Amino acid sequence: MYINGQWLEEGPTFEVYNPATGVSIGSVIDVSNEQVLDAVAAAEAAFPAWSKTTAYERSAILTRCHTLMMERQRTLAELMTTEQGKPLKAAMNEVKYAADFLLWFAEEAKRIYGETIPSARSDQRFLVHKQAVGVVAAITPWNYPISMLTRKLGPALAAGCTAVLKPAEATPLCAVAVFEILHEAGLPAGVANLVTVSDPKPVGEIFCTHRAIRKLTFTGSTAVGKSLAQAAAPQLKRVSMELGGHAPFIVFDDADPVHAAKGVSLVKFLNTGQACISPNRIFVQRKILDSFLDTLQGRIEKLHAGDGMEPSTTIGPLINHAAIEKIDRQVQDAVAQGASLHSGGRRLTEDGLEEGCFYSPTLLSNVSSDMLIYREETFGPVAAVIAFDDDDDVVAMANDTDYGLAAYVYTQNLSRALRTFEALNFGIIGINDINPTSAAAPFGGMKESGLGREGAREGLEEYLETKLGGLSI
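Under the numbering used here, residues 1 to 473 are what the sequence shown spells out, in order.
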C-alpha cells in the first residue's frame, strides 16, 4: 500500500493469482481499517495545498505520468496479462487507452473555466467559480485494471482533488504499478493513496461514511453500486457510478451481415466478454439471420483460448471459477428452454487449460425473453442471438431492461440509424461502430447502469463544485 507518499510493506498479505494457470504471482499488503483511515487522513491533509496548485502544475505532473506510462507500456501490459488474463495485444491497447486519460486531463486541467453572469441590478455582478470537490474515494474493477484507475485519478487530480483508491482484490499489482508511476512523476505526498484489501466491504463502509470524503467514484456491479450509493446518501456525498450493462446489438436487414458478424465477434469476445459494454443480446433481422450466424460461427470457431502471453492466444481466461459457473448456468438454462447451441457451451480443460478459468466461446440462437441470458448480464464469451422482424419491436425489446449503458446499431440507412439512436435508452450507442469510447468522449449509462459520466469535459465536472459569488459594487 502507498500512504502519504510512502510504500508500506509490513503486515499481513494476500495472494494474487494468474487466472490462466491458477498459480500465485505475488502478494500485497492486506490493510487494516486503521490504515485505511490513515490514508483518508493523508488525503485530507494534502488537499489544501494540492487544491491551491496551479492548473499548469497539475498538468505537468499528469503529463509526466503519461510519458512514463507509455515508456513502460510493454512491462505494464505483461503484468496485466499475467494478473488479469487478457491477451498481450489487448493489454498493450489498454495501457495506451489508460495513458490517454492522463494526457487528456492534463490538458483539460487548464480549461477549468468560470464565467460572469449579467445581473438585473446595475450595482451587482455575478461570478461563477469552479473548485475541487475535496477528498475522493475511488473503487476500481478487475476487468480493466489500469485504464479504470486513470479514468478516475486523471480528472480527480486535474481538478485539484486528493484521492484514496482501492483496486479490485483480484488485480492489485496493476494498481501498484500505476502508483509507482505517480510517485516517480513527483506527485506530492498524500495527494493519491493506495489501499489493497482482500475483503472490500469494510473499506466501502469507510468510504461511504467518512466525513472527510466528499465524493465516491465506483466501477463495478449494479448491486454493489446501489449498496454504496445508499450508504453514502445520509451525508449527501457526491457519487458517480459506472455499473453493469446488458447491451443490445441490433443488425437491420439493410446491413451487410458478414460485416456485422465480424463486428459482433470483435466486441463480444473482447476481454473474454468481461466488459460492461459487451453486447449481451444480439438482435438480427430475420431476412439476414442465416448468413449472419454462419459468419459468426466461423469466426468463433477460429478463436484460440489460452494464456495471454502466448502469441497464438486470441481469447483469455475468465477471472475466476464463479464466473464459469454463472456463465454455464445461463447457457444450460437457454439450451434447456429451446435455444440452439451452435458452438461452445462448456468449460475448457484440455491442452493444459485445466488449472485455468477457461470457457469455450459460445454461440446460441433462438434465444427468447424467458431465458436467464436474455435478462442477466453474462460477462463472458457467449453470443446470444435473437431474430426479429419489425423495427419498432426490436427497439422495444432492446429497451426492455433495467440497464442502459451501451448499445450497437448496424444499418446503412441514415434515417433508420438516427431514429434508432434517439429511441434507444442507453448512454453510449455505436452506429456501425464497435468502439464508441475515447478519453475525449463521455462514458456512462442510464437507468441502473450508473450515475454521472467519465472521460471528456463531463468527466472533469464530476470532481468540481460550482461556487457563485454575488458582488455589490
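Where a beta carbon is used, it is the ideal one built from N, C-alpha and C, also for glycine. Just so it is clear, the structure is predicted and the values come from calculations on it, not from any experiment.
Bridge-paired residues (DSSP) for residue i
i: G469; result: L127
i: Y408; result: F249, G430
i: G450; result: E242
i: R347; result: Y359
i: Y17; result: S24
i: K262; result: Answer by DSSP bridge pairing: none, since K262 is not bridged.
i: T162; result: V135
i: Q6; result: I3
i: N435; result: Note: N435 sits in no beta bridge, so no partner.
i: A341; result: Ala is not the amino acid found at residue 341; the sequence shown has Leu there. Bridge partners of L341: L364.
i: E107; result: Note: E107 sits in no beta bridge, so no partner.
i: N399; result: Note: N399 sits in no beta bridge, so no partner.
i: N143; result: In the DSSP output, where bridge partners are listed per residue, N143 has none listed.
Residue j beta carbon less than 9 Å from that of residue i
i: F292; j: V385; result: yes
i: Y463; j: V178; result: no
i: A39; j: I3; result: yes
i: K166; j: T140; result: yes
i: F105; j: P145; result: no
i: I25; j: V16; result: yes
i: E83; j: A170; result: yes
i: F14; j: S32; result: no
i: S227; j: E454; result: no
i: Q35; j: V176; result: no
i: G380; j: A339; result: no
i: S343; j: I282; result: no
i: F358; j: A20; result: yes
i: G186; j: R64; result: yes
i: I250; j: V395; result: yes
i: T401; j: H246; result: yes
Extent of the continuous beta strand (DSSP E) to which residue i belongs
i: R281; result: 279 to 285
i: L364; result: 362 to 365
i: R74; result: It is not in any beta strand (DSSP E) - R74 instead sits in the alpha helix (DSSP H) that spans 73 to 84.
i: L476; result: Residue 476 is absent from the structure shown; the chain starts at 1 and stops at 473.
i: L216; result: 213 to 219
i: I319; result: No beta strand (DSSP E) contains I319, which DSSP labels as neither H nor E.
i: F388; result: 382 to 388
Same chain, Cβ closer than 8 Å to residue i, five either side skipped, listed in chain order
i: H304; result: S312, T313, T314, I315
i: I473; result: D123, Q124, R125
i: A6; result: Strictly speaking, residue 6 in this sequence is Gln, with Ala absent from that position. Correct list, in chain order: A189.
Neighbourhood of residue i by C-beta distance below 7 Å, restricted to the same chain and skipping five residues each side
i: K73; result: Before going further, note that residue 73 is Gln rather than Lys in the sequence given. Only M92, V95, K96 meet the Cβ criterion.
i: A387; result: V284, R286, L289
i: K268; result: S278, P279, A383
i: F47; result: G134, V135, T162
i: L296; result: A261, V264, S265, L363, A383
i: A456; result: A440, A441, P442
i: E184; result: L68
i: H66; result: A99, L102, L103, A106
Spatial neighbours of residue i in its chain, beta-carbon cut-off 6 Å, leaving aside the 5 residues before and after
i: A49; result: none
i: I429; result: A407, F421
i: G445; result: G404, L405, G427
i: V335; result: L341
i: K86; result: N271, G308, G316
i: G306; result: T313
i: G11; result: I29
i: A109; result: A55, R58, S59, A158
Extent of the continuous alpha helix (DSSP H) to which residue i belongs
i: I206; result: 200 to 209
i: E180; result: 172 to 184
i: T222; result: 222 to 232
i: N33; result: 33 to 51
i: I373; result: 372 to 375
i: A456; result: 456 to 461
- Item | Touching by the beta-carbon criterion (3+ pairs, under 8 Å), the segment 347 to 355 and the segment 121 to 141 | no
- Query: Using 8 Å as the Cβ pair cut-off and three pairs as the minimum, do the segment 405 to 414 and the segment 356 to 375 touch?
  - Reply: no
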